[in-house]
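Using this note's numbering, read the sequence shown as starting at 1391 and increasing by one per residue. Don't be surprised by glycine CBs; every beta carbon is placed ideally from N, CA and C. No experiment lies behind these values; they were computed from the predicted model shown.
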Amino acid sequence: MYLEQNIKGYCQLNGLDYLAVLSDFDVEHPFDLSINELETFAEEMNSTLFNLLYSPIFPYDYLKNKLKNIKFLVLDVDGVMTDAGMYYTENGDQIKKFNAKDGMGIQQLLKNNIEIGIISSGFYGKTIEKRAEILKIKYCYVGREEKISILKNWMNELHLDWENIAIIGDDVNDLDIMSMAGFSACPSDSVVQVKKVVNLTLNKKGGEGCIREFIDYYFLPSLLNNSPKEN
């Protein structure tokens, strides 16, 4: 379903404030809108209810200008690279399940000279650092320091501005970066606070290929100057 990104796209196209539109309908999220309210909005945008719900109206044209300057993609771990589950062995060692398709997509970005940065607020870094090593990701941090401080250090090293930064996050500890980044996206099962502010809510959940979805359908096409393929 493309409801959220389509409403955001129409708001952007018509100079409307997304949160103000939701407030006018007295809801916090597009999925709280009634069928009648959705039909009203679609009619005002010269669209149909079906297209508003199920057609990727703004998968590329609306987003490509925001993506064209991106040189660095920041990834959260729990809830983005993984399903946010916490798995432990009998010895107390933590295990994380990563998505192989996400990994292949990340490698495609690296081949196209896009840097990747992993920032996690977790306590157990070995598994994450090993994943970064396997994927040849140079920038990886696991710890309690503020995410935005870590990213600023990397930006200074690479001489990047905020317009060059994209982030995929899922929870409130990603909001500081999202408010500054040139582009922000989140998995479909992210918290409401994040969904309200991102440029794009993906269809897939964290750990289930959301990174690959972003790369294949949005980011790589903008790099290669091609329209994304249909699902």
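Counting only the Cα atoms, N1441 lies some 29 Å from G1495. Assigned with DSSP and collapsed to three states, V1584 falls in helix. For L1463, the uninterrupted beta strand (DSSP E) run begins and ends at F1462 to L1465, by DSSP. Beta-bridge annotation (DSSP): G1507 is paired with V1464 and Y1529. Distances from the alpha-carbon of G1559 to those of I1518, S1511, K1594 and V1470 put V1470 closest. For S1574, the enclosing beta strand (DSSP E) covers residues F1573 to C1576. Among the bridge pairs identified by DSSP, I1558 is matched with L1465 and A1575.
By the CB criterion at 7 Å, T1472 and G1597 fall inside the cutoff. For G1399, the uninterrupted alpha helix (DSSP H) segment begins and ends at L1393 to L1403. CA-to-CA, the gap between G1493 and Y1408 works out to about 33 Å.
By the neighbour-count definition (other C-beta atoms within 10 Å, threshold 16), A1410 is an exposed residue.
Using a 10 angstroms sphere on the CB of R1521, the tally of other CB atoms reaches 16 or more, which defines it as buried. With 16 or more neighbouring CB atoms inside 10 Å of its own CB, G1599 falls in the buried class. The C-beta of Q1583 has fewer than 16 other C-beta atoms within 10 Å across all chains shown, which makes the residue exposed. When L1610, S1612 and L1465 are compared, the shortest CA-CA separation from I1567 is found for L1465. Excluding five sequence positions before and after I1540, the CB atoms of its chain that fall closer than 7 Å to its own CB belong to I1509 and Y1531, given in chain order. The distance from the Cβ of I1460 to that of G1399 is about 18 Å, inconsistent with a contact at the 8 Å cut-off.
Beta-bridge partners of I1485 (DSSP): Y1477.
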